[in-house]
Each structure stands twice: as C-alpha cells, then as structure tokens.
Amino acid sequence: MIYKVPTNFQEITLKINVYTHKPTTIRIKVIDAAQQNTTFTDRTRLIDGESSFYVRMPVSSDVVLVYVYNEDNGNLLGGQDSSFIVDSITTELLEKKLEVIDMSNTYVKSFITFATGFCYNAGSLPTGNYQSADKTFVIKYLPIIEDDGKEQTTPARIDIDSGVIEISKKQFLEYTVPSRMAILLHEFSHVYINDNVDDEVEADLNALLIYLGLGYPRIEAFEVFASAFQNSPSELNRMRYDKIKSFIDNFDDSKVYLFE
Amino acid sequence: MLDKKHLFWASIAALGVLIVYNSTRKTPLIEVTETQQQKAFDSSTLPAHLQPPYRMADGEPMPPKFASKRILGLNAKPRFDAMY
Numbered sequence: 000m001i002y003k004v005p006t007n008f009q010e011i012t013l014k015i016n017v018y019t020h021k022p023t024t025i026r027i028k029v030i031d032a033a034q035q036n037t038t039f040t041d042r043t044r045l046i047d048g049e050s051s052f053y054v055r056m057p058v059s060s061d062v063v064l065v066y067v068y069n070e071d072n073g074n075l076l077g078g079q080d081s082s083f084i085v086d087s088i089t090t091e092l093l094e095k096k097l098e099v100i101d102m103s104n105t106y107v108k109s110f111i112t113f114a115t116g117f118c119y120n121a122g123s124l125p126t127g128n129y130q131s132a133d134k135t136f137v138i139k140y141l142p143i144i145e146d147d148g149k150e151q152t153t154p155a156r157i158d159i160d161s162g163v164i165e166i167s168k169k170q171f172l173e174y175t176v177p178s179r180m181a182i183l184l185h186e187f188s189h190v191y192i193n194d195n196v197d198d199e200v201e202a203d204l205n206a207l208l209i210y211l212g213l214g215y216p217r218i219e220a221f222e223v224f225a226s227a228f229q230n231s232p233s234e235l236n237r238m239r240y241d242k243i244k245s246f247i248d249n250f251d252d253s254k255v256y257l258f259e
Numbered sequence: 000m001l002d003k004k005h006l007f008w009a010s011i012a013a014l015g016v017l018i019v020y021n022s023t024r025k026t027p028l029i030e031v032t033e034t035q036q037q038k039a040f041d042s043s044t045l046p047a048h049l050q051p052p053y054r055m056a057d058g059e060p061m062p063p064k065f066a067s068k069r070i071l072g073l074n075a076k077p078r079f080d081a082m083y
C-alpha cells in the first residue's frame with residue numbers, strides 16, 4: 000500500500016501505526032513524491048500485534064509517499080493483503096539536540112547548509128563540481144570513484160590537502176537522504192573537525208554528533224556504516240562499528256559529552 | 000469561584016493541551032497507486048534550505064586550498080569505507 004502524506008518541507012517525525020495478526024516482517028519506505036531517487040527511509044521490522052514506526056525527518060519534501068507492505072507478499076493494493084493493517088499515520092514534532100553541535104564553528108554551519116541541499120537533490124543532480132555558497136567547500140560528483148581506471152568500492156572520500164570531497168553518483172543514488180548526510184559529515188569531519196585528520200573513528204564520532212544533533216534517524220546511521228563495512232571487512236571497521244553503536248546508544252541517554 | 004491563582008494555572012494547562020494537540024497531526028489515510036508519483040521535478044520551487052548547491056561551470060577555477068591541519072603527503076584521501 001502507498002499513502003500520500005503532505006509534509007510541507009517541514010522538520011517532522013512521521014509515526015506510522017501498524018497492526019499484524021501474527022509475526023510479520025513489515026517494510027516501510029518513505030520517498031519524495033516529486034523527486035526521483037530521493038528516499039527518506041527504507042527499513043523492515045518484525046511486528047507481532049500493534050507497533051509504531053517513527054521516521055525522523057529533519058528534511059522532508061512537499062509531499063511524501065509512504066510505502067507499507069508485508070515483505071513476503073510484496074507491495075499490494077489495499078484490500079489485497081489482509082496480513083496487516085495500517086491504523087494511522089501522524090506527523091509529530093521532530094526532537095533535535097542542536098546544543099551538541101558547535102554552530103559557532105563557521106565551517107560546521109556552512110557545511111550543514113551545503114550538504115543538506117546536496118543530499119536532498121543528489122537523486123536528480125547531474126555529475127559535476129558543486130560549490131558551497133561561501134565558496135569554501137567543493138564536491139566532485141563523479142559517475143564513479145576510480146583509481147588507475149579501477150572502480151573503487153567507497154561511496155565517498157576527501158582529499159586531505161584540498162578538502163575536496165569526491166562522491167560516487169552510482170553509489171549515492173542508492174542511499175537514503177539521511178545516509179548521504181552521514182557519509183558527507185564523516186568526510187567533512189576528517190579535515191575540518193578532527194584533531195587527527197586520518198583518524199577514522201574520530202571522524203565517525205564527530206560526524207555522528209552533528210548528524211544525531213540535527214535529528215536524523217538512528218537506524219539510517221547504523222545501516223550506512225554497516226553496509227560500507229560489509230563491503231570492506233577489517234579489524235578497523237569492526238572496531239568502528241562497535242564504537243558507533245555505543246555512541247548512538249548513549250546519545251539519547253545524554254551520556255555523550257558535548258563539544259569542548 | 001475561580002481566584003486569580005487558579006485561573007493562571009488553568010490557562011497554563013490549556014496552553015499545554017493546545018501545544019500538544021497542534022504538535023501531533025493525524026493525516027487522513029490517502030492510498031495512491033504508483034503511477035501517481037514523481038511527476039516532473041522543478042528544484043526552483045524548493046524552499047531556500049533545500050535548494051541544490053551551485054554547479055560550477057566547466058573550467059571554473061577551484062577555490063583556494065584549505066589549510067589542512069596536517070600534511071599527510073600526496074594523494075592522501077581517506078575513504079568512507081576505510082579500505083586503503
């Protein structure tokens with residue numbers, strides 16, 4: 000089933016109440032009704048009885064399409080699938096923690112604006128070089144990232160010396176808007192926030208502090224890191240995942256330190 | 000008979016109820032078919048905070064290099080998937 004929900008470009012949390020008669024894997028997908036390749040979330044959960052999906056949306060479009068379906072049956076029209084019921088869809092206030100973000104850092108403020116516009120529009124932007132309004136940041140939106148003619152597995156990387164971020168359009172199209180944001184904030188953190196520019200864990204946590212503070216969904220952060228680490232399994236990436244999980248778990252309990 | 004103190008707290012309570020009511024909006028369930036989605040997209044109608052960034056012209060010079068905190072050497076490009 001697909002539902003049309005007006006979100007009016009506002010910062011909101013979508014609450015989708017679903018009921019199942021027995022344990023059923025339900026998929027929720029929220030996409031922009033107007034722009035192609037623009038997904039706000041795509042997740043599944045095993046539901047037995049009544050449950051709610053909360054979709055945090057610091058960025059939303061004018062109208063979104065909410066897909067709700069039984070993963071086993073696929074997306075069917077209403078009345079054709081009796082294995083679940085969509086009880087209601089409500090819009091609620093988005094909870095943010097802007098106080099954890101160092102907005103006095105001009106780089107941070109400028110990059111958030113630049114990255115938000117880029118991530119939301121990446122599904123329809125042509126490849127090319129994109130520049131922030133203050134001309135500080137540049138993104139090279141490439142068809143693919145390659146070295147010596149060989150396609151690289153990473154969706155993004157940053158040049159330490161120039162600060163230019165390279166992004167693989169081929170890979171970015173597959174990511175949700177929040178996932179794109181998490182990736183860009185990670186690359187940004189390497190050069191503009193980290194004390195040690197080549198410290199991956201430091202870049203992960205600096206990026207997450209901004210990402211979570213802006214109110215982006217926790218599940219998308221897990222998924223984007225997990226998917227990147229699956230493609231590149233290593234001891235470093237296993238350690239990164241553990242740190243990320245711990246950081247996100249503690250963030251909502253306010254156990255995370257604020258920036259100095 | 001309500002005195003000023005009770006009236007004050009009653010007003011606060013009413014304001015609280017109004018805030019909660021207005022912050023949670025139940026959307027009527029409108030089911031659509033896939034064919035109704037994603038008509039022609041025009042980014043010029045987006046609000047300012049969602050406008051796409053400026054696309055540089057071919058040959059347009061890059062901005063001055065950012066002064067990195069530490070020089071790692073040529074071609075140092077940390078990757079999101081950290082596979083070097």
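Same order as they appear, the protein sequences are chains A and B. Quick note: the first sequence uses numbering that gives the first Met the number 0, first residue 0, plus one each step. Quick note: the second sequence uses numbering that gives the first Met the number 0, first residue 0, plus one each step. Where is the CB? At the ideal position from N, CA and C, for every residue including glycine. Computed from a prediction, not measured in an experiment: that's the story for all the values here.
Of all the options the options, which has the alpha carbon lying nearest to the alpha carbon of residue i?
| i | options | result |
| --- | --- | --- |
| Glu10(A) | Met180(A), Tyr215(A) and Pro22(A) | Tyr215(A) |
| Leu97(A) | Asn7(A), Gly212(A) and Gln229(A) | Gly212(A) |
| Val17(A) | Met0(A), Asp31(A) and Phe228(A) | Met0(A) |
| Asp57(B) | Lys139(A), Ala220(A), Leu207(A) and Ser59(A) | Lys139(A) |
| Pro51(B) | Asn120(A), Asn74(A) and Pro22(A) | Asn120(A) |
| Thr153(A) | Phe224(A), Gly122(A), Ile192(A) and Thr105(A) | Phe224(A) |
| Glu30(B) | His20(A), Val4(A), Pro22(A) and Ile111(A) | Val4(A) |
| Phe40(B) | Ala33(A), Thr38(A) and Ala220(A) | Ala33(A) |
| His20(A) | Asp252(A), Ile46(A), Arg42(A) and Gly162(A) | Ile46(A) |
| Ile166(A) | Cys118(A), Ala132(A), Ile209(A) and His189(A) | Cys118(A) |
| Met61(B) | Phe228(A), Ser161(A) and Asp241(A) | Ser161(A) |
| Ser42(B) | Ser123(A), Gln229(A) and Thr38(A) | Ser123(A) |
Measuring straight from C-alpha to C-alpha, what distance separates residue i and residue j?
| i | j | result |
| --- | --- | --- |
| Phe187(A) | Ile164(A) | 8 Å |
| Glu274(A) | Asn36(A) | Nothing about residue 274(A) can be read from this structure; chain A reaches only from 0 to 259. |
| Leu71(B) | Gly116(A) | Its pLDDT being 46, under 50, Leu71(B) is placed unreliably in this model, and the value from its coordinates should be taken loosely. Roughly 30 Å separates the two Cα atoms. |
| Leu92(A) | Leu64(A) | 19 Å |
| Thr40(A) | Phe8(A) | 16 Å |
| Leu183(A) | Ile11(B) | 43 Å |
| Phe113(A) | Phe136(A) | 8 Å |
| Ser231(A) | Phe79(B) | 10 Å |
| Lys68(B) | Pro77(B) | Any reading at Lys68(B) needs caution, since the residue's pLDDT is 49, under 50, leaving its predicted position unreliable; the model's value is listed next. Cα to Cα, the separation comes out at about 15 Å. |
| Thr6(A) | Asp2(B) | 43 Å |
| Pro63(B) | Phe246(A) | 35 Å |
| Met56(A) | Lys95(A) | 10 Å |
| Ile143(A) | Leu14(B) | 54 Å |
| Ala47(B) | Asn72(A) | 41 Å |
| Tyr191(A) | Lys169(A) | 26 Å |
| Lys25(B) | Leu13(A) | 10 Å |
| Arg239(A) | Phe221(A) | 11 Å |
| Asp248(A) | Asn205(A) | 15 Å |
| Glu150(A) | Phe171(A) | 14 Å |
| Glu59(B) | Arg156(A) | 22 Å |
| Pro22(A) | Trp8(B) | 46 Å |
| Tyr83(B) | Asp252(A) | Residue confidence for Tyr83(B) is low, a pLDDT of 49 falling below 50, so the modelled location carries little weight and cannot support an answer. |
| Tyr210(A) | Asp194(A) | 19 Å |
| Leu207(A) | Val62(A) | 28 Å |
| Leu73(B) | Ile159(A) | Any reading at Leu73(B) needs caution, since the residue's pLDDT is 46, under 50, leaving its predicted position unreliable; the model's value is listed next. Rounded to whole angstroms, Leu73(B) to Ile159(A) spans 9 Å at the Cα level. |
| Phe228(A) | Asp146(A) | 20 Å |
Which residue or residues does DSSP assign as beta-bridge partners of residue i?
| i | result |
| --- | --- |
| Tyr68(A) | Arg26(A) |
| Gly48(A) | Thr19(A) |
| Lys139(A) | Asn128(A) and Glu165(A) |
| Tyr2(A) | Val65(A) and Glu30(B) |
| Phe113(A) | BP columns for Phe113(A) are empty, so no partner. |
| Thr89(A) | Lys14(A) and Lys25(B) |
| Arg55(A) | Thr12(A) |
| Arg78(B) | Arg156(A) |
| Lys322(A) | There is simply no residue 322(A) to check, as chain A begins at 0 and stops at 259 in what is shown. |
| Ile84(A) | Tyr18(A) |
DSSP three-state call for residue i: helix, strand or coil?
| i | result |
| --- | --- |
| Asp41(A) | strand |
| Gly127(A) | strand |
| Ser85(B) | There is no way to answer for residue 85(B), as the model of chain B reaches only from 0 to 83. |
| Lys3(B) | helix |
| Lys25(B) | strand |
| Val196(A) | coil |
| Ile182(A) | helix |
| Ile209(A) | helix |
| Ala56(B) | coil |
| Leu257(A) | Here Leu257(A) scores only 41 on pLDDT, less than 50, and its place in the model should not be relied on; the value that follows carries that caveat. It is coil, neither helix nor strand. |
| Asp31(A) | strand |
| Ile243(A) | helix |
| Ile100(A) | coil |
| Tyr191(A) | helix |
| Tyr215(A) | coil |
| Ser106(A) | Strictly speaking, residue 106(A) in this sequence is Tyr, with Ser absent from that position. Here Tyr106(A) sits in helix by DSSP. |
| Pro63(B) | coil |
| Asn7(A) | coil |
| Leu17(B) | helix |
**OP:** Would you check if the region 22 to 31 of chain A and the region 54 to 73 of chain A touch, i.e. whether three or more CB-CB distances between them fall below 8 Å?
**Re:** Counting C-beta pairs with one atom in each stretch, the region 54 to 73 of chain A and the region 22 to 31 of chain A have three or more that are closer than 8 Å, which means they touch.
**OP:** Report yes or no: do the region 232 to 251 of chain A and the region 190 to 203 of chain A share at least 3 C-beta pairs separated by less than 8 Å?
**Re:** Remark: three or more beta-carbon pairs, one from each stretch, lie closer than 8 Å, so the region 232 to 251 of chain A and the region 190 to 203 of chain A are flagged as touching.
**OP:** Check whether the region 83 to 90 of chain A touches the region 111 to 127 of chain A, taking contact to mean three or more Cβ pairs, one atom from each stretch, closer than 8 Å.
**Re:** By the C-beta criterion, the region 83 to 90 of chain A is judged not to be in contact with the region 111 to 127 of chain A, since fewer than 3 inter-stretch pairs fall below 8 Å.
Subject >> Three-pair Cβ contact test at 8 Å for the region 74 to 81 of chain A versus the region 34 to 53 of chain A >> reply: Result no; under three Cβ-Cβ pairs closer than 8 Å.
**OP:** Residues of the region 35 to 56 of chain B with a CB closer than 7 Å to any CB of chain D: list them in chain order, please.
**Re:** This model lacks chain D altogether; the protein chains it does include are A and B.
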